[in-house]
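So the mapping is simple: the numbering used here equals the position in the sequence shown, first residue as 1, plus 32. Glycine included, every Cβ here is placed at the ideal spot set by N, Cα and C. Down below is the structure, laid out as C-alpha cells.
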Amino acid sequence: MRNRYRALWISDVHLGSRDSEPQRLADFLAQNTADTVYLVGDIFDMKALSQGKGSWCHASSLLLGMLSELGSNTPEIIYVPGNHDAPMRSWAGKRLGNIRVEREWTHTTNDGKRYWVTHGDQFEHHIEINPVSYHIGDQSYYLMLRINRWINYWRSRFDKPWWSLANHVKNRVHAARRMMNKFEEVAIRETARRGFDGVICGHIHRAGIRHSASKSSAVTYANCGDWVDSMTAIVEEKSGALNVLHWHQTPKIARIMTEAVAA
Numbered sequence: 033m034r035n036r037y038r039a040l041w042i043s044d045v046h047l048g049s050r051d052s053e054p055q056r057l058a059d060f061l062a063q064n065t066a067d068t069v070y071l072v073g074d075i076f077d078m079k080a081l082s083q084g085k086g087s088w089c090h091a092s093s094l095l096l097g098m099l100s101e102l103g104s105n106t107p108e109i110i111y112v113p114g115n116h117d118a119p120m121r122s123w124a125g126k127r128l129g130n131i132r133v134e135r136e137w138t139h140t141t142n143d144g145k146r147y148w149v150t151h152g153d154q155f156e157h158h159i160e161i162n163p164v165s166y167h168i169g170d171q172s173y174y175l176m177l178r179i180n181r182w183i184n185y186w187r188s189r190f191d192k193p194w195w196s197l198a199n200h201v202k203n204r205v206h207a208a209r210r211m212m213n214k215f216e217e218v219a220i221r222e223t224a225r226r227g228f229d230g231v232i233c234g235h236i237h238r239a240g241i242r243h244s245a246s247k248s249s250a251v252t253y254a255n256c257g258d259w260v261d262s263m264t265a266i267v268e269e270k271s272g273a274l275n276v277l278h279w280h281q282t283p284k285i286a287r288i289m290t291e292a293v294a295a
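Written as C-alpha cells, this is what we have:
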C-alpha cells in the first residue's frame, strides 16, 4: 500500500554526483505520495557534472522517468532549484511538463499555517565561516560519503538498514554542530522577518524540525535532509502537522544496483 500525505518535500538528491542514491529515492516514491510534491533544490548536481566530477547512471535515468510519471499523476509538483542546480532558476515561472519551476513558494498547511519553501543556500551567506575550515569540512564530508558507501554495501549484505557515518560524526563535532545551528537561527530570523509561520528548506543535509518562539513570533524550521546520506523527507499529515520520514531500509532494487556499483 502507498502512504499518501497532503504534501511531501524532498531536497538534495544530487543526481549526477557519484554520491547520489537515486534507487533509494525511487523506492521511497513508489511507496509514498502526496497531493503536492515539492522538489526543494539540488535535485541535479549540475556543478559536479560541469566540472567532470559527476557520474550519470542508469538508476538516475530511471528516477527521472519516475518523476515524469509522478508529474502526470500528482495534482501539483513544484520545483525550487538550489545552488547545485542554479541554472534551473532561469526557468522560474515556467513548466517542465507537469512540473512547475519557481524561485521560492508559499505553502499553506491544512491548519492554516504559511510556510516559506526555499532551498536555503542564501542563509549560508549570513554565517561567518573560516574559508580553510570550510574547505576541510567540505572535503571531509565527501570522504565520509565514499567510506559510507562501502560500509552500507556490507551492511546490506547482512540485511542491515542504511547507516550514516557523516551524520554520526557531524553530531559529535562541535564546529559542525555550531555551523548548522547558526544556519537554522539565520533561517528562523529571516522567516520571522518575512512574516511566515515557518520555513521548509534543505541545503545543509541535516533533516529535522525545530520550533522557535520569541516574544514577537513563533517560527517552525523544517529541513528535508538529503538523498546522498540522510535518506529523509518532510511530509504534511492530513491534520497539517509536519513530520520527518527516514527511509533507511534496503529495498531489493537498491541491493541489486549497489552490488553492480561495487563490482
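- Item | Buried or exposed (CB count within 10 angstroms, at least 16 for buried), Thr252 | The residue is buried, with at least 16 neighbouring Cβ atoms inside 10 Å.
- Using only alpha-carbon positions, find the residue among Gly240, Thr138, Met263 and Ile42 that is nearest to Gly227. Checked all of Gly240, Thr138, Met263 and Ile42; the closest Cα to Gly227 is Thr138.
- Message: I'd like to know if the segment 45-62 and the segment 70-77 are in contact, where contact means that at least 3 CB-CB pairs between them fall below 8 angstroms.
- Response: With three or more CB-CB distances shorter than 8 angstroms, the segment 45-62 counts as touching the segment 70-77.
- Which residue or residues does DSSP assign as beta-bridge partners of Arg127? BP columns for Arg127 point to Arg132.
- How would you write the range of the alpha helix (DSSP H) that Arg36 sits in, first residue to last? Careful: Arg36 lies outside any alpha helix (DSSP H), inside the beta strand (DSSP E) at Asn35 to Ile42.
- Could you tell me if Asn35 is buried or exposed, where buried requires 16 or more neighbouring beta carbons within 10 angstroms of its beta carbon? The residue is exposed, with fewer than 16 neighbouring Cβ atoms inside 10 Å.
- Task: Quick one: grab the DSSP three-state call for His90.
- Result: In the three-state reduction of the DSSP assignment, His90 falls in the helix class.
- Taking the C-alpha atoms as reference points, what is the distance between Lys79 and Asp117? A straight line joining the alpha-carbon of Lys79 with that of Asp117 spans about 7 angstroms.
- Looking at the unbroken beta strand (DSSP E) that takes in Arg50, where does it start and where does it end? Neither: Arg50 is in no beta strand (DSSP E) and is coded neither H nor E.
- Query: Can you list, in chain order, the residues of its chain whose CB lies under 6 angstroms from that of Val218, leaving out five sequence neighbours each side?
  - Reply: Taken in chain order, the residues that qualify are Phe155 and His158.
- With a cut-off of 8 angstroms on the beta carbons, I'd call Glu268 and Tyr37 a contact; round off their distance for me. Distance from Glu268 to Tyr37 at the Cβ level is roughly 6 angstroms; contact confirmed, criterion being Cβ atoms closer than 8 angstroms.
- Message: In this structure, how does DSSP classify Trp182 when only helix, strand and coil are distinguished?
- Response: Reduced to three states, the DSSP call for Trp182 is helix.
- Item | Whole-angstrom distance between Ala224 and Ser248, CA atom to CA atom | One alpha carbon belongs to Ser248, the other to Ala224, and they sit about 9 angstroms apart.
- Query: With distances taken between CB atoms, is the gap from Ser92 to Ser122 smaller than 8 angstroms?
  - Reply: With a cutoff of 8 angstroms on beta-carbon distance, Ser92 and Ser122 are scored as not near each other.
- Buried versus exposed call for Leu175 [16 or more other C-beta atoms within 10 Å across all chains shown]: That one is exposed.
- Work out the CA separation of Trp41 and Ile288 for me, nearest whole Å. Residue confidence for Ile288 is low, a pLDDT of 39 falling below 50, so the modelled location carries little weight and cannot support an answer.
- Is the beta carbon of Ala297 sitting closer than 8 angstroms to the one on Asn180? Missing from the structure shown is residue 297; the chain here goes from 33 to 295 and no further.
- Run through DSSP, which three-state label would Ser244 get? Note: Ser244 maps to strand in three-state DSSP.
- Helix, strand or coil for Glu101, going by three-state DSSP, please let me know. In this structure, Glu101 counts as helix in the three-state DSSP scheme.
- Gly84 to Arg242 span [Cα, whole Å]: In a straight line, the C-alpha of Gly84 is about 37 angstroms away from that of Arg242.
- Query: So what does DSSP say about Arg226, is it helix, strand or coil?
  - Reply: Arg226 falls in the helix class under three-state DSSP.
- Query: Helix, strand or coil: which one does DSSP assign to Phe76?
  - Reply: Reduced to three states, the DSSP call for Phe76 is strand.
- Item | Option in Met120, Leu96, Asp67 and His235 with minimal Cα separation from Gln55 | Distance from the Cα of Gln55 is smallest, within the candidate group Met120, Leu96, Asp67 and His235, for Leu96.
- I think Thr264 touches Leu277, with their Cβ atoms under 8 angstroms apart; what is that distance to the nearest whole Å? About 6 angstroms separates the two Cβ atoms, so the contact holds.
- Query: What first and last residue would you give for the beta strand (DSSP E) that runs through Ala254?
  - Reply: Residues Ala250 to Asn255.
- Spatial distance of Ala66 from Thr106 (CA atoms): Cα-Cα distance, rounded: 7 angstroms.
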